[in-house]
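What follows is a short report on a single structure.
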Amino acid sequence: MKRKLLKSIASSMAIALVVTTAVPSMTASAATAIQRNITNDNITLERTYGYKVNAKKAHSSKKKVSAKAITINNPATEVGVGKSVYDFNTTITTKSGKKCTDKVYFFIDNNNNTAGATVNSKGVVSTKKAGSFTITAKTAKNNAYKKAGRFTAVSQDLTVNVPLKISNVKLNKSNTFTVEFNSPIDSTVTKDDIIIYNASTQGREYVKGVILSADRTSLLIESYTNLTPGQTYNINVRVGGNMLTGTLSYSQGSVARINANDQTVKAGTASPIAYTVYDQNGMDITGDTFVTFESTVPVVNNKITLSAGAMAYVTIVYTNVATGTQVRSNRISVTGSSSIINSIDNYTIAATGSKVSFTSPVNTISLNERNKSLYVQINDKFQGQSTGANGKNVTFEALDSNIVIVDSRSGVITPVAVGTGYVKIIAGSITKVVPIIVTASSLAATIQVPTTVTGSLTGGMNNPTAYVSIVDQYGKPMDGQTITLTRYTGSSVSNTSLSGVTANGGYTFAFTPVAAGTTVYQVKSGNLAPKYITVTVVAADNVEKTYSIIGIKNLDIAHRYDNTISTPHVAQVSLYTLNASGYKVQNVTSKAVFKITTPNGNVSSMTGNAINLDTSGNIIAETVGTYTIIAYINNVEVARGTFGVTDSAAAPNATLNSNRITNGVVSKATIESCLSLPTGYSLADVKFISSNTSEIASRMNFDGSSFSVSHVTATLYNVSIKITNGTRTYTLNNIGNIVVTE
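All the letters of the sequence shown, read from the start, carry residue numbers -30 to -1, 1 to 712 under mature numbering (1 follows the signal peptide of the UniProt record, and there is no 0).
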């Protein structure tokens, strides 16, 4: 028993010794006496220790290893446009050869980044457009060092190009395709910049037209002739001096569907029925597909003629001649109409019955103004842009009759109260609500006169004139105002008094000179403060010094057909001799020959007592551009001038929807059947160059003659046409070639 007790005590002391040596850094702060517990035969000795622990921070044994050098190990000189276009990697070396613990960072130089490139933390680059960028890799111990610009190693600067490329070429129809670029293009592309070759035959296809998309990332290209199914074409486009290449494979499928919608055609005119034929690839193959029409009204050469209000049911049918199977459109209704309003383009207030200008529209009227009407400029599908002015399917509805009333048919305006009243314009199915501002009654406020006018006794053709107007409190010219001129001093002109009533903004007074000197006129109108005009007459000087063509004006072809006054379509010119002061001495028009050179270089001669430059004449006709007029006397040039001819009306577009005649007959009718004409237009004349003059002669000029030649095998090159809607005739040159076979 004693032996067991001693063994237990020794064991406890050994345990206590182990605990003490296990924590040498701890110092005891308190200890309790040994407690003895005797349970049955077991004796336990217990003592509680308190310790104050002083802990020290442990240090890692892993050391940092910085980079000595960093290199981009997969450099690229060229990448594409898009997201994640390239993943750059790096190789890092250290002095010790151990693994580097620095972080890698990629940078793109913003001063050398025309491609809009960005790079993420892993070196993956994305680009937005063609251009170039410079990328660099750097190492730093951590982000704090990176922000401070404390880098341990810097790689080479790598400049990468992002070239402009053709990314896709897709066929829209047999003679139209779209070229897509990987980035917007900066330069303009013309048809001369595009070269198309058949990859097999090396035959070239020529470009008729090209349209750059609004976002400048694609070109819509139209060729003169249809491309051949089953062939591959090389497309070359010159952009900014660089030739870009692409490939177009023409794979045309069989007819899959025919789309057509209810439509309206111009009454009384043979009009084409609009439809589109698609193959199973969704490509427009209308021009290559022969169809027939099931119609309640006969369809001749793909055209239907309906009177106003008449209607026909039409179904377009394609028949596969080999199998007899058909593809049919849905049944559509075609209706004849004399007018379809596309839009209401403008409106203005003007004197009732006057010619109208929409250049500076007016929407104000004073409370006491009368004989003013609301005029509307509309765009008609069949008649083009015109003044809807009241009677051409245009009506009006006053929405605020307490402020302004507008006659529903004539458009005559009656102001009721000061304020803004709204008027609804109704043109066919189009409506537009416009404001009419009624101001306080106009009160004559000021007489506006030129302070001095000058004339000459020379030749009796240099009488002075003065334009006088009365303006209201708003500075607006007033019509219907009586103006009186009374001679105040002097006698250089014979008129003692003159009077007139303002119209269209004012009144022009003409004076008759009788002697050199000055005459002063007092100008009065009602109770307004009078104004004064000094009329100076220069002594006669009949010594001719030079010649001048008088009356030259810029002309606008469109104004032959509308009711506007902004630019005339006729100018009467004369040739005068002038003295040293620039006054007319003599009218020598009848002695001169006038030679007019058109924009395309044609020269025509005119003689007579009066020379009219008329856009409806043979010389100017429908040709837009700059003209030169030169006056000759005895074959010696004495004066010259220039004038411009414009056409503010939008010209219609006509294209070849088929470039083949398969019955061997060449006539206006068969050529017209190849055309896609705007609604309401018909073929008036045609010219072309024949490849086989033994069977069909070339038509080198528009002569209006009819013709019909059978059993022809030839190509009609450079087909040019004149089309008309009964009001206007347009010339469209070189719209393409037509192949004629039997």
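No residue lacks a Cβ here, since even glycine has one placed at the ideal position from N, Cα and C.
In angstroms with no decimal places, state the Cα-to-Cα distance between residue 707 and residue 635. 15 Å
Let me check one thing: in DSSP terms, what residues is residue 505 bridge-paired to? 423, 489
Tell me, which residues are paired with residue 610 by DSSP? 600
Runs of beta strand (DSSP E) wholly within the region 268 to 338 (minimum 3 residues, chain order): 281 to 289, 296 to 298, 302 to 307, 311 to 321, 334 to 336
Check the C-beta distance from residue 480 over to residue 462 and give it rounded, since I have them as a contact under 8 Å. Their Cβ separation, rounded to whole angstroms, is 14 Å, which puts residue 480 and residue 462 out of contact at 8 Å.
Identity of the residues DSSP links to residue 479 by a beta bridge: 436
N-terminal and C-terminal residue of the beta strand (DSSP E) that residue 367 is part of: 364 to 368
Where DSSP assigns a beta bridge to residue 174, which residues make up the other side? 167
Taking the DSSP output, what are the residues bridged to residue 564? 576, 601
Beta-carbon contacts of residue 704 that lie in its chain and below 7 Å, excluding the five residues immediately before and after: 688, 690
Limits of the beta strand (DSSP E) - the one that residue 265 falls within: 262 to 265
Check whether the region 616 to 632 touches the region 514 to 533, taking contact to mean three or more Cβ pairs, one atom from each stretch, closer than 8 Å. yes
Backbone CA spacing between residue 402 and residue 389 [nearest angstrom]: 20 Å
Leaving out the 5 sequence neighbours to the left and right, which residues in its chain are closer than 6 Å to residue 105 when beta-carbon positions are compared? 78, 128
Candidates 505, 541, 44, of which the one nearest residue 466 by Cα: 505
CB residue 99 to CB residue 214, shorter than 9 Å? no
Looking only at its own chain, which residues have a Cβ that is under 7 Å from the Cβ of residue 46, when we skip the five neighbours before and after it? 56, 130
Where do the N-terminal and C-terminal ends of the alpha helix (DSSP H) with residue 546 fall, by residue? From DSSP, residue 546 is part of no alpha helix (DSSP H) but of the beta strand (DSSP E) over 540 to 548.
Can you tell me the Cα-Cα spacing of residue 49 and residue 171, whole angstroms? 34 Å
Among 334, 600, 680, 427, whose alpha-carbon lies nearest the alpha-carbon of residue 412? 334
Inter-stretch contact (C-beta, 8 Å, three-pair minimum) for the region 650 to 670 and the region 602 to 616: no
How would you write the range of the beta strand (DSSP E) that residue 663 sits in, first residue to last? No beta strand (DSSP E) holds residue 663; DSSP gives it neither H nor E.
Taking its Cβ as the centre, do 16 or more other Cβ atoms sit within 10 Å of residue 579, making it buried, or is it exposed? exposed
Residue 712, buried or exposed, once every other Cβ within 10 Å from all chains shown has been counted against 16: exposed
Quick check on residue 698: buried or exposed, where buried means 16 or more other Cβ atoms within 10 Å of its Cβ? buried
To the nearest angstrom, report how far apart residue 410 and residue 375 are at their CA atoms. 16 Å
Please name the residue in 660, 182, 628, 669 whose C-alpha comes closest to that of residue 271. 628
Report the CB separation of residue 394 from residue 367 in whole angstroms; it is logged as a contact under 8 Å. 4 Å
Cβ contact (3+ pairs, closer than 8 Å) linking the region 106 to 116 and the region 221 to 235: no
Could you tell me the distance, in whole angstroms, from the CA atom of residue 695 to the CA atom of residue 192? 26 Å
In angstroms, rounded to a whole number, what distance separates the CA positions of residue 285 and residue 145? 26 Å
Which residue marks the beginning of the beta strand (DSSP E) containing residue 226, and which one marks its end? 225 to 229
Considering Cα atoms alone, identify which of 632, 675, 710, 74 is closest to residue 665. 710
Sequence-distant residues of its chain with Cβ nearer than 7 Å to residue 660 (five each side left out): 666, 667, 668, 684, 686
If I measure Cβ to Cβ from residue 739 and keep anything under 8 Å in the same chain, skipping five residues before and after, which residues do I get? Nothing can be reported for residue 739, as the shown portion of the chain is limited to -30 through 712.
From what residue to what residue does the alpha helix (DSSP H) around residue 642 run? 638 to 643
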